[in-house]
Each structure stands twice: as C-alpha cells, then as structure tokens.
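Comments concern the structure below.
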Amino acid sequence: MTTPVLAHDDAGSGTPLVLLHGFPLDRALWAPQRRALAGAARVIIPDLRGFGESAALGDPPTTVDGHADDIAALLDALGLERVVIGGMSMGGYVALAFWRRHRARVAALLLADTRAGADSAEGKEKRRAMMETARTIGARGVADAMMPGLLGKTTRAKRPETEPELRAILERASVPGILAAIQAMMDRPDASAMLATIDVPTLIVVGEEDALTPVKESEAMHAAIAGSRLEIIPGAGHCANFERPAAFDHVVEEFLRGV
Ligand code: MLT
298 MTTPVLAHDD AGSGTPLVLL HGFPLDRALW APQRRALAGA ARVIIPDLRG
348 FGESAALGDP PTTVDGHADD IAALLDALGL ERVVIGGMSM GGYVALAFWR
398 RHRARVAALL LADTRAGADS AEGKEKRRAM METARTIGAR GVADAMMPGL
448 LGKTTRAKRP ETEPELRAIL ERASVPGILA AIQAMMDRPD ASAMLATIDV
498 PTLIVVGEED ALTPVKESEA MHAAIAGSRL EIIPGAGHCA NFERPAAFDH
548 VVEEFLRGV
C-alpha cells in the first residue's frame, strides 16, 4: 500500500524547512511561522497522520518511526531530497526518528521544546490515564489535562488571548489520532545515545518557562550534539513558537542564514 500524502501547507521559497507539530495539536501550531518564515525559507508544515486534515487519511501510525516515514513520503511527493527538519515536542520526537531512519535527507535540525529521552515508568502510567480520558471524555478532556502545562506563566498573565487560541486546536483533535500518538510517544526509543551521531547544524530552542520539557532537557541535548546552538526564549513556556513567535522566528531565521 502506498503511503498517503499528508495534508500540508507549502509557503515561500528557498531552503526547505519542514515543521512538525506537537501533541495533540495540528499544523495551526505553526501559523505564526508560516507567515513570518516564508520570507526566509520554503516552509512546509504537515498535519501528522491522525491530526488536522490528515485525520482523514486512515489509521494513524502508532510509532514515531511511522510518522518519520510519512514525512519521507511527503518529501518524495514534493520532489525534495534534503530539508531542514524541525519539530516541537512530539514533533521533535518524530524529527529525531527521522534522523535515525532518513539522515541523508536532513540538512539541519531544529529541536523545539522537546527532549531526547524515553518515557519513565511513571510517564507511561500517565499516558495510560490520558488514553482513558480520551476514550471516555474525548479531545476536550485531553485538552483540560494538557492545557495547564502548555503555556508559560508569562503568557497566561500577559497574553491571555493565547489560551483560547491554543485550546481550540486541542479540542478539535480526533480521538483515534490522540490514542495512536500517545501509543507512539509511550513506545518511542530513548534517543539520547543517538544525539552524538548528529553531525548537521542543529538549533535547540526552548521556552524559559517550559514545564513539560524543561530547559535542562534542552541543555542536555545541547551538550550531546556537537556544535549545536541553544536558544532560551524568555517569557515563553512549552509552546514557545506560538507564545513568542517574533523571538522564536528571529533565532530560526538567523540559524537558517547559516545553513
Ligand atoms: C507535546 O507537546 O507534544 C507533548 O507534551 C509531548 C509529550 O507528551 O511527551
């Protein structure tokens, strides 16, 4: 069976930059970057299978490798051999899986508010509880559980309009997509040892107030990836690209200039 082509945005021209969204979000997470970075790159933003318009594409993968292969199939469909690949949180797990499976296609990496390690036993237990919430209450229940961790305290205090905008994305997620993504995250391998193999330019960005993948996770990736650059966005939490897009885009544009 051929892999279906993921629903995606394709804007701008120049260096192809693929941006992968986090959980349980869709490509709307990257709307600010679609607008701002299209002047600096060709910005390709898919809905991972199971989310957004890609929820209509059939059974979503239950592994991060499956998502990485979907991205490879999208690049094939677009006729792109090598790209800059970036991912936020779960999207970062997929970007690391993409490096493991398709590294010849990676020109550079952007790891945003993510981590390399696998889930702890306690983390897996929380995932099982989240699956139960998804099955019994649906996307709204998952949104209630996730929202407190997604935004930084500064965003909540100073940019209150961000909360409902982000919540709307979570609430429209499909339950099959949510369940498959939780399974994929729970089963993802520990990528920590693999970081030493990364030999392409790598930018690591994290919100200073990220409660889900705290700054120390990014510092550990920075220490393990030779020549990587770490940027900490003040006044932002787990969704730094969505909370403080101008600051986020600035560091990404600067990075792209050097790729
Ligand atoms: C995400 O934002 O993608 C999730 O918080 C990742 C996770 O739950 O590990």
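Sequential numbering from 298 applies to the sequence shown in the working numbering.
Heads up, the beta-carbon is just placed ideally off N, CA and C, and yes, glycines get one too.
Since we're looking at a predicted model, the values are computed, not measured.
Taking a contact to mean a Cβ-Cβ separation below 8 Å, would you say residue i touches residue j in this structure?
i, j, result
"residue 388", "residue 319", "yes"
"residue 321", "residue 478", "yes"
"residue 446", "residue 393", "no"
"residue 472", "residue 435", "yes"
"residue 521", "residue 493", "yes"
"residue 558", "residue 410", "Here the chain covers residues 298 to 556 and nothing more, so residue 558 does not appear."
"residue 484", "residue 360", "yes"
"residue 502", "residue 537", "yes"
"residue 347", "residue 324", "no"
"residue 407", "residue 376", "no"
Taking residue i as part of the alpha helix (DSSP H), name the residues at either end of that continuous run.
i, result
"residue 464", "459-468"
"residue 445", "436-447"
Closest to residue i by C-alpha separation, out of the options, would be which residue?
i, options, result
"residue 549", "482, 356, 533 and 526", "526"
"residue 312", "349, 404 and 329", "404"
"residue 453", "314, 507 and 543", "507"
"residue 530", "364, 440, 301 and 451", "451"
Tell me the residue span of the beta strand (DSSP E) that contains residue i.
i, result
"residue 329", "Counting along the chain, residue 329 falls outside any beta strand (DSSP E), though it belongs to the alpha helix (DSSP H) covering 328-334."
Return yes when at least one heavy atom of the ligand FAD lies under 7 Å from the C-beta of residue i, else no.
i, result
"residue 319", "Looking at this structure, you won't find the ligand FAD anywhere; what it does contain is the ligand MLT."
So, is residue i buried or exposed, given that buried needs 16 or more other C-beta atoms within 10 angstroms?
i, result
"residue 528", "buried"
"residue 252", "This structure does not reach residue 252, given that the chain is present from 298 up to 556, and the question cannot be answered."
"residue 417", "exposed"
"residue 524", "exposed"
"residue 304", "buried"
"residue 459", "buried"
"residue 367", "buried"
"residue 429", "exposed"
"residue 433", "exposed"
Contact between the stretch 481-493 and the stretch 455-469: three or more CB pairs below 8 Å? Contact check between the stretch 481-493 and the stretch 455-469: fewer than three CB pairs, one atom from each, fall below 8 Å, which does not count as touching.
Taking 8 Å as the threshold, find out whether the stretch 328-343 comes into contact with the stretch 303-312 through three or more Cβ pairs. Contact holds: three or more Cβ-Cβ distances are below 8 Å.
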